[in-house]
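Taken in sequence, the protein lines are chains W and U. The first sequence maps to residues 19 to 172 in the numbering used here. The second sequence maps to residues 19 to 172 in the numbering used here.
There are 2 protein chains.
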Amino acid sequence: MKDNNDMPGHLARRFQQIAVAVFLAEVADAGFDLTPVQYAALATIKANPGLDQVTLAGLIAYDRTTITGVIDRLVQKGLAERRASSRDRRARELEITDEGRRTLRKITPAVESAQRILLRGLSTREGEELMRLLRKAIAAGNDLSRAPLRHVQA
Amino acid sequence: MKDNNDMPGHLARRFQQIAVAVFLAEVADAGFDLTPVQYAALATIKANPGLDQVTLAGLIAYDRTTITGVIDRLVQKGLAERRASSRDRRARELEITDEGRRTLRKITPAVESAQRILLRGLSTREGEELMRLLRKAIAAGNDLSRAPLRHVQA
DNA sequence: TGATATTGCTCAGTATGCTGACTATCAGTA
DNA sequence: TACTGATAGTCAGCATACTGAGCAATATCA
């Protein structure tokens with residue numbers, strides 16, 4: 019019987035569990051109420067104004083059925099807007115609001131702090147090596163999940 | 019603006035996302051319907067017969083409020099039993115059933131296969147290094163989540 | 001012993017994340 | 001143009017995870 023600590027799947031779950039807890043704690047300390055998922059979506063909308071939901075999902079590897087609820091909550095908090103697209107009536111164009119921009123700017127230190135805390139047990143070199151190995155393993159397994167990362171082409 | 023790929027938190031989320039997808043696919047291929055969480059709980063019950071829910075939660079770092087539902091489903095599938103403890107009437111003693119033992123035995127190859135697939139982009143040495151770094155980062159952050167890992171003392 | 005604190009478990013509520021199904025729309029082609 | 005297939009988004013349903021509250025039972029200590 020293998021120990022849990024020898025199972026990469028178990029380690030993945032634990033690491034992610036701690037990452038979310040650290041993120042929420044740091045952001046709450048800064049006086050905000052935003053989840054890691056909401057943050058990533060908002061930051062990606064800011065960097066790609068007017069993008070549609072499927073493109074957003076591809077950029078951050080979310081399932082398209084999950085995005086719906088995430089955007090709902092960003093809109094409800096007044097951080098983003100969802101508009102019907104003029105070119106494609108199926109699609110919704112997403113925009114960040116001024117309030118969303120302000121929020122992003124203000125919580126950036128907390129987000130960066132969370133990333134540091136997550137790696138606090140490792141040296142700088144080890145932290146970089148961990149990220150390199152994670153990126154490599156993720157790239158090899160990208161297509162194994164229903165929500166793979168998709169780059170925008172052209 | 020940092021790229022997502024430079025954020026350990028994002029990498030943690032992606033890695034876990036792929037880990038769950040691979041696990042479910044391998045187990046389904048083997049003809050079973052068991053989640054990673056249910057598997058870990060069942061294996062831990064088998065290794066520690068008669069343990070209570072809080073102890074189980076501590077051994078696999080689940081939140082105690084999450085365990086309730088997980089055990090519900092294991093019991094409903096006939097893989098585990100929940101009995102009132104005689105020593106402490108608040109506690110429930112957990113036992114694996116024969117059916118649970120059979121299931122565990124039969125899906126072990128699928129579970130091991132899933133772990134290999136998860137690391138298939140890495141060399142053996144890299145896979146071991148990734149697990150070492152994850153264990154180290156997790157150990158340093160263990161107490162930052164509501165559901166830390168707890169070892170049984172004595 | 002009696003008051004207090006702690007512990008084991010459950011529940012309601014919220015937020016991911018997925019499967020599968022469905023509608024509306026668009027694109028390509030016969 | 002009519003048909004076919006693909007695409008964007010939503011929804012219902014299920015399974016983690018968590019917060020916070022509450023109940024029952026146990027432990028502790030004045």
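Glycine residues also receive a C-beta, built at the ideal position from the N, C-alpha and C atoms.
Query: Whole-angstrom distance between R153(U) and A172(U), CA atom to CA atom; Result: Per-residue confidence for A172(U) stands at a pLDDT of 31, beneath the threshold of 50, marking its modelled position as unreliable; the derived number appears in the next sentence. Looking at the two C-alpha atoms, the distance is approximately 23 Å.
Query: P127(U) classed as buried or exposed, judged by whether at least 16 other C-beta atoms fall within 10 angstroms; Result: exposed
Query: Beta strand (DSSP E) runs wholly inside the segment 87 to 113 of chain U, at least 3 long, in chain order; Result: 98 to 102
Query: Assigned exposure category for S163(U) - 16 Cβ within 10 Å defines buried; Result: buried
Query: Minimum C-alpha distance to L97(U) - residue among D81(U), T53(U) and A79(U); Result: T53(U)
Query: At least three beta-carbon pairs within less than 8 Å, the segment 68 to 75 of chain W to the segment 30 to 37 of chain W; Result: no
Query: S163(U): contacting residues in chain W (beta-carbon distance under 7 Å); Result: Q35, I36 and A39
Query: Selected residue, minimal CA-CA separation from V88(W), among R120(W), G145(W), I125(W) and I63(W); Result: I63(W)
Query: Classification of R138(W) by the beta-carbon crowding that lies within 10 angstroms, buried from 16 upward; Result: exposed
Query: For R100(W) and Q71(U), the rounded distance between their alpha carbons; Result: 44 Å
Query: Identity of the residue in R119(W), F50(W) and R110(W) nearest T86(W) by Cα; Result: R110(W)
Query: C-beta neighbour in chain U for A75(W), strict 7 Å; Result: no
Query: Cross-chain neighbours of Q133(U) in chain W, by beta carbon under 7 Å; Result: M25, P26 and G27
Query: Element boundaries [alpha helix (DSSP H), containing D47(U)]; Result: P26 to D47
Query: A132(W) vs F41(W) beta-carbon contact at 7 Å; Result: yes
Query: DSSP-derived helix/strand/coil call for A155(W); Result: helix
Query: Coil, strand or helix - D116(W) by DSSP; Result: helix
Query: Minimum Cβ-Cβ distance from G87(U) to chain W less than 7 Å; Result: no
Query: Contact set for L122(W): own chain, Cβ-Cβ below 7 Å, skip 5 residues either direction; Result: L60, A61 and K64
Query: For A79(W), three-class secondary structure by DSSP; Result: coil
Query: Neighbouring residues, chain W, relative to I78(U) (Cβ below 7 Å); Result: N22
Query: Interface positions of the segment 140 to 162 of chain U facing chain W (Cβ-Cβ less than 8 Å), listed along the chain; Result: L140, E144, G145, E147, L148, M149, L151, L152, R153, K154, A155, I156, A157, A158, G159, N160 and L162
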